[in-house]
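Numbering (this note's numbering), first residue to last: 94 to 509.
Shown next, in the form of structure tokens:
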């Protein structure tokens with residue numbers, strides 16, 4: 094049995110070599126090898142980038158918005174802020190709670206304007222939002238300040254720096270006989286942040302909660318209370334406990350998976366579609382293996398007939414071609430995996446290099462919200478890609494293997 098297998102391996106190795114002096118691999122073999130290797134590499138890179146994009150985007154959104162959000166049932170807002178916060182902070186799993194109000198505003202520079210999102214937060218708690226406080230690129234966070242903290246892209250769009258004045262206009266204006274007059278005030282810029290998300294860096298303006306309440310004429314209320322917990326994966330469980338504790342306060346809560354459900358579903362669908370599309374490349378490459386082995390069967394028909402006449406069994410002849418195709422699939426798959434993993438690890442460096450060489454924009458932050466191309470390799474996905482590639486490579490050999498033993502050896506030798 095072992096001798097037969099060794100013989101089949103030796104013959105299959107010779108069969109991968111073309112006749113004459115054309116080189117080590119035949120053209121068809123080389124095309125099949127490159128097709129599988131490139132398909133596997135592309136699939137690994139695409140899935141890693143999709144995984145990294147999803148993780149990075151969700152993490153940044155959650156870290157700035159909170160793991161659990163408490164909303165008012167009534168439109169008037171959350172009134173008993175201190176009582177609710179005290180009850181929330183009694184839970185050991187709560188790291189911090191931050192009351193906040195949000196409003197759409199128009200930000201005005203000296204000669205430019207831009208739509209923005211005003212967020213009123215107690216400034217002593219803004220420093221506890223690490224994704225903001227650790228990404229201050231100019232100025233600093235001042236307690237009890239009447240100034241504002243704005244995103245880097247918004248500052249650039251309005252040509253503003255730390256110490257400049259920014260005018261903020263709210264549609265919640267003052268009623269007059271002529272209708273509603275927009276409310277507008279000017280504030281000093283205390284600091285500028287850059288968290289690496291264009292959607293936030295180009296729109297968000299942080300302001301002290303009391304100043305924001307005064308500007309929006311809302312009184313001592315909050316629009317939402319952000320809650321950060323020790324384990325975001327358990328936020329749905331924590332949410333239920335918080336709801337039970339806050340019963341009677343006319344509020345309800347939602348965890349980050351609920352508030353970002355549509356985004357998560359969209360990213361998962363995109364990832365699955367990309368996996369399906371690039372898996373089809375492996376199927377197409379499998380067809381190359383089929384055609385290559387069929388040509389090999391035709392090219393080696395005389396040798397096959399001689400082996401049959403010498404007593405080699407049909408199953409052994411068929412295994413020759415299965416082994417030949419499997420060899421191509423095996424070496425091509427693992428070559429593709431190595432290339433794919435290396436590209437995934439250094440994908441951001443490669444992106445920067447290509448941008449500097451060709452002066453083009455890859456992974457535009459205006460479209461993808463992130464300023465860098467993230468990558469996250471998931472071992473189960475790599476295993477799935479490997480198994481799929483090897484499976485298709487072996488399946489592609491079955492038809493040529495059957496054809497190799499279908500012809501009568503005497504007839505084949507007579508025609509030769």
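Yeah, the Cβ is synthetic: ideal placement off N, Cα and C, and Gly gets one too.
Segment contact: the stretch 246-264 against the stretch 204-214, three or more CB-CB distances shorter than 8 Å; contact assigned. Beta-bridge partners of residue 259 (DSSP): 280.
If you draw a straight line from the Cα of residue 490 to the Cα of residue 245, it comes to about 58 Å. Taking the Cα of residue 410 as reference, the smallest distance to any Cα among 424, 492 and 151 is reached at 492.
As the crow flies, the alpha-carbon of residue 468 is around 13 Å from that of residue 135. Counted as a single uninterrupted DSSP element, the alpha helix (DSSP H) harbouring residue 476 occupies residues 472-488. Ranked by Cα distance from residue 154, the first of 289, 238, 184 and 480 is 289. Residue 333: member of the alpha helix (DSSP H) spanning 328-338, first to last residue. The alpha-carbon separation between residue 173 and residue 342 amounts to approximately 8 Å. In this structure, 364 is the residue among 364, 419 and 425 with its C-alpha nearest to the C-alpha of residue 142. In this structure, 485 is the residue among 169, 133, 121 and 485 with its C-alpha nearest to the C-alpha of residue 379. In the DSSP annotation of this structure, the continuous segment of the alpha helix (DSSP H) that includes residue 121 starts and ends at 120-158. Sorting 339, 194 and 235 by C-alpha distance to the C-alpha of residue 168 places 194 at the top. Exclusion of the five residues before and after residue 130 leaves 425, 426, 428, 429 and 432 as the residues of its chain whose Cβ lies within less than 8 Å of its Cβ.
Taking the Cα of residue 191 as reference, the smallest distance to any Cα among 445, 315 and 329 is reached at 315. Annotated three-state conformation of residue 197 is strand, per DSSP. Nearest to residue 144 by C-alpha distance, out of 368, 285 and 170, is 368. Residues of the same chain with a CB within less than 7 Å of the CB of residue 353, apart from the 5 flanking positions on each side, are 151 and 154 in chain order.
Rounded to whole angstroms, the gap between the alpha carbons of residue 138 and residue 132 is 10 Å. For the 9 Å CB-CB criterion, residue 339 and residue 163 form a contact. Residue 198 sits close to residue 261, with the two beta carbons spaced by under 9 Å.
The shortest C-alpha to C-alpha distance from residue 325 to any of 189, 120, 179 and 465 is the one to 189.
Closest in C-alpha terms to residue 297, from the list 303, 311, 307 and 282, comes 282.
For residue 452, there is no enclosing beta strand (DSSP E), as DSSP marks it with neither H nor E.
Your pair residue 309 and residue 375 does not check out as a contact, with CB atoms roughly 56 Å apart and the cut at 8 Å. In the DSSP assignment, the residues bridged to residue 189 are 321. Here residue 158 is buried, its C-beta having at least 16 other C-beta atoms within 10 Å. DSSP places residue 210 in the uninterrupted beta strand (DSSP E) bounded by 206-213. Following the DSSP letters along the chain, one finds residue 164 inside the beta strand (DSSP E) bounded by residues 161-165.
When DSSP states are grouped into helix, strand and coil, residue 346 belongs to the strand group. Residue 212 has its alpha-carbon roughly 8 Å from the corresponding atom of residue 305. Around the beta carbon of residue 420, 16 or more other beta carbons sit within 10 angstroms, so the residue counts as buried. Among the bridge pairs identified by DSSP, residue 315 is matched with 171. Beta-bridge annotation (DSSP): residue 300 is paired with 213 and 241.
DSSP places residue 341 outside both helix and strand once states are collapsed to three, so it counts as coil. DSSP lists no bridge partner for residue 415.
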